[in-house]
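Engineer:
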Amino acid sequence: MKIQVLGSGAGGGLPQFNCNCDNCKGYREGKPTIKRRTQSSITISEDGENWVLFNTSPDILEQIHNSPFLHPTKKRETKIKAIVFNDAQIDHTTGLLMLREGCPHEIYCTKEVNEELNTSFPTMKMLQHWDGGGTNWHEILPDSTTKFEIPVMPSYEFYAHALISNAPPYSAHRDKPRRGDNIGITVVNKNTGKRLFYLPGLGVMEDHVFEEMRNADVLLIEGTLWTNDEMIKGKFSNKLGTDMGHIPLSGDEGLIKVLDTLEKPRKILIHINNTNPILDESSDEYKELISHGIEVSYDGMSIEI
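If you count the sequence shown from 1, position 66 lands on 87 in the numbering used here, and the numbers rise without skipping.
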């Protein structure tokens, strides 16, 4: 399986247009240890020609431009053959509108996400009038056991796992999320058993999630915030990370403690907020991560299983 990180940042990316935190300021001033980061998205492929896109970042056009393997080779075509949504967050779905010329798109998501994208944030509904009817929806069941398959990756099967996080800020279900509003996805090679587990948003560590993490060969997991009160201390927001549906990396209840117990997977962070000190590779926090055997993904990162 070929895995390409198109975007490694959280909402707003780095630099965020209205942010002058240490990282955004440092990047604008040319600090070499801070990278530009677009909003989170990955794409995977079996053959290197046909790609399954996970989430459609608002930065999707820039991401495609920076990824020659996604460029068309015919007069009109797209290498993106299917789109999987982990949730209905703005930073994961807005880019669908930028892909309207490629309609119809094959969309895989839960009924809860499909509902949001046809009502509260009707990106899918808006595309109904484009070529071929916009989108073809394939329902994902977030029960961890019901597999779904995507035709362009015939050697792989996919499983969705319900996660406790939060519904989008625009949603009527904000702060009272439903099962299916947020999912992690496992991709399994039928022949080798090799597994990718992708979860760019996680608010609570549950036993079934930990077990899936433990069995993965590659774990791409959110690393949004370093501390739970990072946004409050920096005077960027009045919310804790857990209020927004994100487990922080540090602290007694942080993800680093959990990741330290995992022996099998390659551990890679994604969906990292611009305020997070790990995004400066000269920081003590970044060095601490590396000492724990945890990697920080970056735009353009290539991974193979």
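Heads up, the beta-carbon is just placed ideally off N, CA and C, and yes, glycines get one too. All values reported here derive from a predicted model rather than from experimental measurement.
For residue 288, which beta-bridge partners are listed by DSSP?
Structural biologist: Paired residue(s): 240, 315.
Engineer: So, using beta-carbon positions, are residue 224 and residue 186 closer together than 8 Å?
Structural biologist: Yes, they are a contact pair.
Engineer: Just grab the DSSP bridge partners of residue 102 for me.
Structural biologist: Residue 102 pairs with nothing; no bridge assigned.
Engineer: Where does residue 246 land, buried or exposed, given buried means 16+ other C-beta within 10 angstroms?
Structural biologist: When all chains shown are included, residue 246 counts as buried.
Engineer: Should residue 325 go down as buried or exposed, given a rule of 16 or more other Cβ atoms within 10 Å for buried?
Structural biologist: Flag for residue 325 reads exposed.
Engineer: Are the beta-carbon atoms belonging to residue 340 and residue 127 less than 8 Å from one another?
Structural biologist: In the structure as shown, the chain starts at 22 and stops at 326, and residue 340 therefore has no counterpart that could be examined.
Engineer: Distance, Cα to Cα, residue 298 vs residue 61?
Structural biologist: Distance between the alpha carbons of residue 298 and residue 61: 18 Å.
Engineer: What does the Cβ neighbour count give for residue 232, buried or exposed, with the cut at 16 atoms within 10 Å?
Structural biologist: Burial call: exposed.
Engineer: Taking the CB atoms as reference points, tell me whether residue 292 and residue 109 lie closer together than 8 Å.
Structural biologist: No. Outside cutoff.
Engineer: Using the Cα positions of residue 195 and residue 188, report the straight-line distance between them to the nearest angstrom.
Structural biologist: The straight-line gap from Cα to Cα measures roughly 5 Å.
Engineer: Does residue 191 come out as helix, strand or coil in the three-state DSSP assignment?
Structural biologist: Coil.
Engineer: What residue range does the alpha helix (DSSP H) around residue 137 cover?
Structural biologist: Its alpha helix (DSSP H) spans residues 132-137.
Engineer: Is there contact here, the stretch 307-322 with the stretch 190-206, by at least three beta-carbon pairs under 8 Å?
Structural biologist: Short answer: they don't touch.
Engineer: I'd like the ranges of any alpha helix (DSSP H) spanning at least 4 consecutive residues and lying wholly in the stretch 26-75.
Structural biologist: The qualifying runs are 43-49.
Engineer: My understanding is that residue 22 touches residue 241, with C-beta atoms under 8 Å, so please give their C-beta distance in whole angstroms.
Structural biologist: Contact doesn't hold; Cβ gap of about 12 Å is too wide.
Engineer: Could you spell out the range, first to last residue, of the alpha helix (DSSP H) harbouring residue 279?
Structural biologist: Here the alpha helix (DSSP H) through residue 279 covers 276-280.
Engineer: Taking C-alpha atoms, which residue in 52, 180, 81, 111 lies nearest to residue 229?
Structural biologist: The residue with the shortest Cα to Cα distance from residue 229 is 180.
Engineer: What first and last residue would you give for the alpha helix (DSSP H) that runs through residue 144?
Structural biologist: It spans 144-147 - the alpha helix (DSSP H) in which residue 144 sits, taken as one unbroken run.
Engineer: From the DSSP output, read off the bridge partner residues of residue 126.
Structural biologist: The partner list for residue 126 (beta bridge, DSSP) reads 156.
Engineer: Would you call the stretch 256-263 in contact with the stretch 299-307, where contact means no fewer than 3 C-beta pairs closer than 8 Å?
Structural biologist: Too few Cβ pairs lie closer than 8 Å, so no.
Engineer: Using only CA atoms, which one of 143, 199, 252, 211 lies nearest to residue 174?
Structural biologist: Ranking 143, 199, 252, 211 by Cα distance to residue 174 puts 211 first.
Engineer: Does the beta-carbon distance from residue 78 to residue 28 come in below 8 Å?
Structural biologist: Contact: yes.
Engineer: So the candidates are 34, 105, 166, 149; which of them puts its Cα closest to the Cα of residue 58?
Structural biologist: Answer by Cα proximity: 34.
Engineer: Report the three-state DSSP secondary structure of residue 256 (helix, strand or coil).
Structural biologist: Residue 256 falls in the coil class under three-state DSSP.
Engineer: Using the three-state DSSP reduction, which class does residue 209 fall into: helix, strand or coil?
Structural biologist: Strand.
Engineer: Thinking residue 274 and residue 290 are a contact (beta carbons under 8 Å), I'd like their distance in whole angstroms, please.
Structural biologist: Residue 274 to residue 290, Cβ: 17 Å. No contact.
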